[in-house]
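**Q**
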Amino acid sequence: VAKVIVNAQRILKLDERDPLRELRERFKLPHDEVYLDGNSLGPLLFQVRERLQHTIDVQWGQRLIRSWNESWIELPGVVASKIAPLVGAPPEDLTCADSVSVNIFKILAASLTLTPARPIILSLNDVFPTDLYISEGLATLLGAVRCKVKLTNLDQLEKSLDDQVNVLLMSQVNFRSGEAYDVKIITELAHRYGVRVLWDLSHSVGVLPVNLAANHVDFAVGCGYKFLNGGPGAPAFVYVNHELQQQLKQPLTGWMGHSAPFDFNPEYQPAPGIDRFLAGTPGILGMSALDAALDLWREVCLDTVVEKSQHLSRLFIEMVQQSPVLNSPENNLEIIHVSARGSQVSLRHPQAFAISQALIDCGIICDFRFPDLVRFGFAPLYIRYQDILTTTESLAEIMSTKRYQQSQFQQPGKVT
Ligand SMILES: *Cc1c(COP(=O)(O)O)cnc(C)c1O
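Take 806 as the starting number for the sequence shown in the working numbering and just add one per residue.
The structure is reproduced here in structure tokens:
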């Protein structure tokens, strides 16, 4: 008990000194829960709710089609210009459209078309599965002569790079382990072999620095609904290095990517810059929500967020290690250690699913990743240091009582 009190005082001090502490009030969060799933779905910002009300009642409800010119048609570029500083990109090299999956398809197809002598898409075995599924779908569409998918692991990465590889597809943060890969080193390595790199920033944008332009990254995509809090299914973003933009032809040649969509010309003429990566009409409700959510970043410095993110993860690991219950061999909880990390920590246990369910039942909203990981995401804009204490206390209680063994915690739902 004494130990918990000492920790509690130290932790309250950390919260008092936290330069981000006031931001939490801007989010609608349940008072009696700790939300550790902001890496999967960011919570609702009050400013997003207000904006959506305005978009629905005024822009759509009153101004109707006039809103396209008054408020909507430029939105993909406006949203992109707010994401650009978070990823170190010039705003004109980024746009906002579709889902991450669809943007991966466009980029991979465009890169293969540009350099057909290199048919291989190279990625890691444990990349986020949609990245893999899209690559495989493209290989099926194009056939093995024009597209092959090759998977490797980090240790074998350099050995797998050769003059057959067209593009290396990497996620900056491993969604299971939380491991963060070095964008600069890996991009340089690939470039030495003439291989372009596509970075998927879905699990890192808003919690890690990226520096796309400074690191000469060729392509990037990322998610609007995780750490950017754009709402369920918010549009994704796509970045293409300006040196490549003019040469690339992406196959989803919809009218929004045309140089003059409202000329209604029967011939497709791609827009001159990044806009050629647009396809159809954007979903304005989702785009507006993301636009409003991104305004929070006007008040926040990314470095401060990154620092707090790392501190939250370190504190959680430290508290798990120091807890006699969580650290006991009998409880069999293994911390997944990584050399550099995103904003999440995973614990391994054979009963990980049941433990995640028992935690959710106590108001600790975490998730489970097959087959044996409980995953805790720490979103620095609203997670407090005291939430880490609450989490470790609940976890210790669940492990010591073995409450997770109760039958109601054994049944998975459709979304984990
Ligand atoms: C969440 C996530 C996605 C999601 O892709 P969608 O097509 O937007 O559903 C893709 N890649 C990674 C690495 C992710 O973390």
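Even for Gly, the Cβ is constructed at its ideal location relative to N, Cα and C.
Keep in mind that this is a model prediction, so the values were computed, not measured.
Within its chain, find whatever has a CB closer than 8 angstroms to the CB of T1197; leave out the 5 residues flanking it on each side and keep chain order.
**A** F1121, M1124, V1125, S1128, L1131
**Q** Closer than 7 angstroms to a non-hydrogen atom of ligand 1 - does that hold for the CB of T1221?
**A** no
**Q** Which two residues bound the contiguous beta strand (DSSP E) that contains I926?
**A** 925-929
**Q** Between which two residues does the alpha helix (DSSP H) holding V767 run?
**A** Since the first residue of the chain shown is 806 and the last is 1221, residue 767 is not available in this structure.
**Q** Who pairs with E1139 in a beta bridge, going by DSSP?
**A** R1153
**Q** Enumerate in chain order the residues of its own chain whose CB-to-CB distance from A1159 is below 6 angstroms, with the five nearest sequence positions on each side excluded.
**A** Y1209, F1214, Q1215
**Q** Per DSSP, G1027 is paired with what?
**A** Residue pairing by DSSP puts G1027 in a beta bridge opposite F1042.
**Q** Within its chain, find whatever has a CB closer than 6 angstroms to the CB of L1003; leave out the 5 residues flanking it on each side and keep chain order.
**A** Excluding its 5 nearest sequence neighbours in each direction, L1003 has C-beta neighbours in its own chain below 6 angstroms: I912, V972, L974, F1024, listed in chain order.
**Q** So R1180 is in the alpha helix (DSSP H); what residue range does that whole segment cover?
**A** Unbroken run through R1180 is the beta strand (DSSP E), 1178-1182; no alpha helix (DSSP H).
**Q** Please classify N812: is it buried, with 16 or more other beta-carbons within 10 angstroms of its beta-carbon, or exposed?
**A** buried
**Q** Work out the CA separation of E879 and E984 for me, nearest whole Å.
**A** 36 angstroms
**Q** With a CB to CB cut of under 6 angstroms and the five nearest residues on each side skipped, what residues in its chain are close to N1046?
**A** Annotation for N1046: D1023 place their beta carbon closer than 6 angstroms to its own, counting only its chain and skipping 5 residues before and after.
**Q** For the beta strand (DSSP E) that contains N971, what are its first and last residues?
**A** 970-976
**Q** With C-beta atoms as the reference, is M1019 less than 8 angstroms away from Y1030?
**A** The question names Met, but residue 1019 is Ala in the sequence shown. No. Outside cutoff.
**Q** Since I816 and Y1190 are thought to touch, with beta carbons under 8 angstroms apart, how far apart are those beta carbons, to the nearest angstrom?
**A** 5 angstroms
**Q** Any heavy atom of ligand 1 closer than 7 angstroms to the Cβ of C901?
**A** Every heavy atom of ligand 1 is 7 angstroms or more from the Cβ of C901, so no.
**Q** Mind checking who F1173 pairs with in its DSSP beta bridge?
**A** V1179
**Q** Contact check, C1171 vs L841 under 8 angstroms by CB: the rounded distance?
**A** The beta carbons of C1171 and L841 sit about 5 angstroms from each other, so the pair counts as a contact at 8 angstroms.
**Q** Along the chain, where does the beta strand (DSSP E) that runs through K1219 open and close?
**A** Looking at the DSSP string, K1219 is not in any beta strand (DSSP E), and its letter there is neither H nor E.
**Q** Just to check, is the beta-carbon of K911 closer than 7 angstroms to a non-hydrogen atom of ligand 1?
**A** When distances are taken from the beta-carbon of K911 to the heavy atoms of ligand 1, even the shortest one reaches 7 angstroms or more.
**Q** Can you give the Cα-Cα distance for L1138 and L834, rounded to whole angstroms?
**A** Going from the Cα of L1138 to the Cα of L834 covers about 29 angstroms.
**Q** When we look at the beta-carbon of H836 and count the other beta-carbons within 10 Å, is it buried (16 or more) or exposed?
**A** exposed
**Q** What does the Cβ neighbour count give for N958, buried or exposed, with the cut at 16 atoms within 10 Å?
**A** exposed
**Q** Would you mind stating whether G1036 and V853 have Cβ atoms separated by less than 8 angstroms?
**A** Yes, Cβ-Cβ distance for G1036 and V853 is below 8 angstroms.
**Q** Tell me the rounded alpha-carbon separation between R1103 and F851.
**A** 16 angstroms
**Q** Please name the residue or residues paired with K1004 in a DSSP beta bridge.
**A** Residue identity check: residue 1004 is Trp in the sequence provided, not Lys. According to DSSP, which records beta bridges pairwise, W1004 is partnered with M975, A1025.
**Q** The beta strand (DSSP E) that contains T900, what's its start and end?
**A** Counting along the chain, the beta strand (DSSP E) containing T900 begins and ends at 899-902.
**Q** Please find out if some non-hydrogen atom of ligand 1 comes closer than 7 angstroms to the beta-carbon of D1068.
**A** no
**Q** Determine the DSSP secondary structure at R1103, reduced to helix, strand or coil.
**A** Residue state, collapsed to three classes: helix.
**Q** What residues match up with H1063 in a beta bridge as DSSP calls it?
**A** P1075
**Q** Tell me which residue opens and which closes the beta strand (DSSP E) that L956 is part of.
**A** 953-957
**Q** Within the chosen definition, does the region 1000-1017 reach the region 859-871 through at least 3 CB pairs nearer than 8 angstroms?
**A** no
**Q** Near Q1162, what residues of its chain come up, given a Cβ to Cβ distance below 6 angstroms and the 5 sequence neighbours on each side ignored?
**A** Spatial neighbours of Q1162 in its own chain (CB-CB distance under 6 angstroms, excluding positions within 5 residues in sequence) are listed in chain order as F1214.
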